[in-house]
């Protein structure tokens, strides 16, 4: 068994879920997360004050698969996300 952990953009969740279902995945854990890295944050204005949003919202997927399916599932996530 292998645990696959992937981080994707929130708007890609449904598309990735459909692709994983088609690939034979029957369940996964989905967590809303925030992080920073190569994709920088942005500024927003709230009640007239400008502030920086340094953490970008993301979705973390955790999927347990058999060892022989792991590479195919990772490729499916990469192609879809």
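Residue numbers (my numbering): 4 to 84. Note that beta-carbon positions come from the ideal geometry of N, C-alpha and C, so glycine has one too.
Item, Value
"Bridge partners - residue 27, DSSP secondary structure assignment", "Note: residue 27 sits in no beta bridge, so no partner."
"Continuous alpha helix (DSSP H) stretch holding residue 82: start and end", "73 to 83"
"Range of the contiguous beta strand (DSSP E) that encloses residue 61", "59 to 68"
"Start-to-end residues for the beta strand (DSSP E) that takes in residue 32", "32 to 38"
"Distance CB(residue 63)-CB(residue 24) smaller than 8 Å", "no"
"Cutoff 8 Å; reference residue 6; Cβ partners in own chain excluding five residues on either side", "65, 66 and 67"
"Beta-carbon gap between residue 61 and residue 36 smaller than 8 Å", "yes"
"Coarse secondary structure for residue 12, derived from DSSP in three states", "coil"
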